[in-house]
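For reference, the structure is listed below as structure tokens.
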Amino acid sequence: MDLLLVEDNSRISEFMVKGLQENNFSVTLAVNGVEARQLITSKEWSLIILDIMLPDIDGIELLQYTRFKKINTPILVVSALGDPEDKIKALNYGADDYLSKPFHFGELVARINALTRRSRSENTHASTLLECKGIQLNVTEHLVYKEGALIHLTLQEFKLLQLLMENLDKVLSRTEIINSVWGLDYESNTNIVDVYISYLRNKIEDKSKAKIIETVQGRGYIIRSK
Numbered sequence: 001m002d003l004l005l006v007e008d009n010s011r012i013s014e015f016m017v018k019g020l021q022e023n024n025f026s027v028t029l030a031v032n033g034v035e036a037r038q039l040i041t042s043k044e045w046s047l048i049i050l051d052i053m054l055p056d057i058d059g060i061e062l063l064q065y066t067r068f069k070k071i072n073t074p075i076l077v078v079s080a081l082g083d084p085e086d087k088i089k090a091l092n093y094g095a096d097d098y099l100s101k102p103f104h105f106g107e108l109v110a111r112i113n114a115l116t117r118r119s120r121s122e123n124t125h126a127s128t129l130l131e132c133k134g135i136q137l138n139v140t141e142h143l144v145y146k147e148g149a150l151i152h153l154t155l156q157e158f159k160l161l162q163l164l165m166e167n168l169d170k171v172l173s174r175t176e177i178i179n180s181v182w183g184l185d186y187e188s189n190t191n192i193v194d195v196y197i198s199y200l201r202n203k204i205e206d207k208s209k210a211k212i213i214e215t216v217q218g219r220g221y222i223i224r225s226k
């Protein structure tokens with residue numbers, strides 16, 4: 001994991017960098033707010049460890065700047081300001097966690113691991129949104145939108161569309177579709193796939209535009225990403 005540490009106290013930063021590297025983290029140090037602001041947007045960080053009291057741009061301003069830029073990297077504030085009001089202020093401005101100095105190093109590592117686990121989980125959840133050609137399919141919430149408008153699909157129509165969108169640019173045979181959507185024991189010589197493809201097309205396609213679901217003669221169906 002790539003960590004950005006923003007800390008102006010050389011004694012504390014040396015201790016933190018050494019300890020984090022010993023715990024197999026890759027650490028980049030910013031010693032002031034100006035340097036930190038440049039680094040925050042330079043790449044995608046796994047986590048940002050941020051001091052509040054900095055000599056130029058303070059940590060609260062950096063929090064605001066980071067969230068204004070729509071950067072959702074987890075931010076752990078580590079500060080000597082330990083009053084509840086300071087913690088509330090930092091959390092309200094976008095911090096994900098707050099650790100007061102002095103701290104036990106094991107707690108720092110535990111909080112880093114907890115925040116990055118949470119971030120990975122949220123990213124995995126977010127990946128359940130499938131998008132292509134104006135169609136958005138939310139696997140978790142079982143919703144489908146066409147250019148922002150809700151489309152009502154039956155369960156089998158939804159499963160069929162999900163299968164096609166999860167396999168963009170891949171031709172799926174009728175047998176593959178039947179096995180995935182209706183189950184292995186479903187009658188294989190039925191025209192159920194063609195019927196449901198027709199249902200889907202009527203709901204998600206415009207007759208005046210190119211087809212979203214294409215028929216590949218003798219092979220099956222495909223949704224192309226482009």
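Per the UniProt record's numbering, the sequence shown starts with residue 1, numbered consecutively.
Glycine included, every Cβ here is placed at the ideal spot set by N, Cα and C.
Since the structure is predicted, the reported quantities are computational estimates derived from the model, not experimental observations.
Cα-Cα separation, residue i to residue j
{"i": "residue 222", "j": "residue 158", "result": "15 Å"}
{"i": "residue 65", "j": "residue 3", "result": "18 Å"}
{"i": "residue 15", "j": "residue 68", "result": "31 Å"}
{"i": "residue 181", "j": "residue 89", "result": "50 Å"}
{"i": "residue 71", "j": "residue 146", "result": "27 Å"}
{"i": "residue 156", "j": "residue 102", "result": "57 Å"}
{"i": "residue 117", "j": "residue 12", "result": "26 Å"}
Contact under 8 Å by Cβ, residue i with residue j
{"i": "residue 193", "j": "residue 162", "result": "no"}
{"i": "residue 93", "j": "residue 60", "result": "yes"}
{"i": "residue 224", "j": "residue 214", "result": "yes"}
{"i": "residue 151", "j": "residue 203", "result": "yes"}
{"i": "residue 164", "j": "residue 172", "result": "yes"}
{"i": "residue 111", "j": "residue 76", "result": "yes"}
Among the options, the one whose alpha carbon lies nearest that of residue i
{"i": "residue 22", "options": "106, 111, 181, 116", "result": "106"}
{"i": "residue 74", "options": "83, 54, 56, 44", "result": "44"}
{"i": "residue 257", "options": "212, 41, 179", "result": "Because the chain spans 1 through 226 in this model, residue 257 falls outside it and cannot be assessed."}
{"i": "residue 216", "options": "170, 114, 85", "result": "170"}
{"i": "residue 190", "options": "144, 210, 205, 174", "result": "174"}
{"i": "residue 179", "options": "160, 33, 53", "result": "160"}
{"i": "residue 34", "options": "206, 55, 115, 226", "result": "55"}
{"i": "residue 53", "options": "133, 218, 82", "result": "82"}
Helix, strand or coil at residue i according to DSSP, with G and I counted as helix
{"i": "residue 194", "result": "helix"}
{"i": "residue 131", "result": "strand"}
{"i": "residue 41", "result": "coil"}
{"i": "residue 213", "result": "strand"}
{"i": "residue 218", "result": "coil"}
{"i": "residue 2", "result": "strand"}
{"i": "residue 243", "result": "There is no way to answer for residue 243, as the model of the chain reaches only from 1 to 226."}
Cβ shell of residue i (< 7 Å), same chain only, five flanking positions each side left out
{"i": "residue 51", "result": "6, 7, 8, 59, 78, 79"}
{"i": "residue 39", "result": "4, 28, 30"}
{"i": "residue 95", "result": "63, 75, 77"}
Close-in-space but distant-in-sequence residues of the same chain around residue i (CB under 6 Å, 5 per side omitted)
{"i": "residue 31", "result": "8"}
{"i": "residue 87", "result": "98"}
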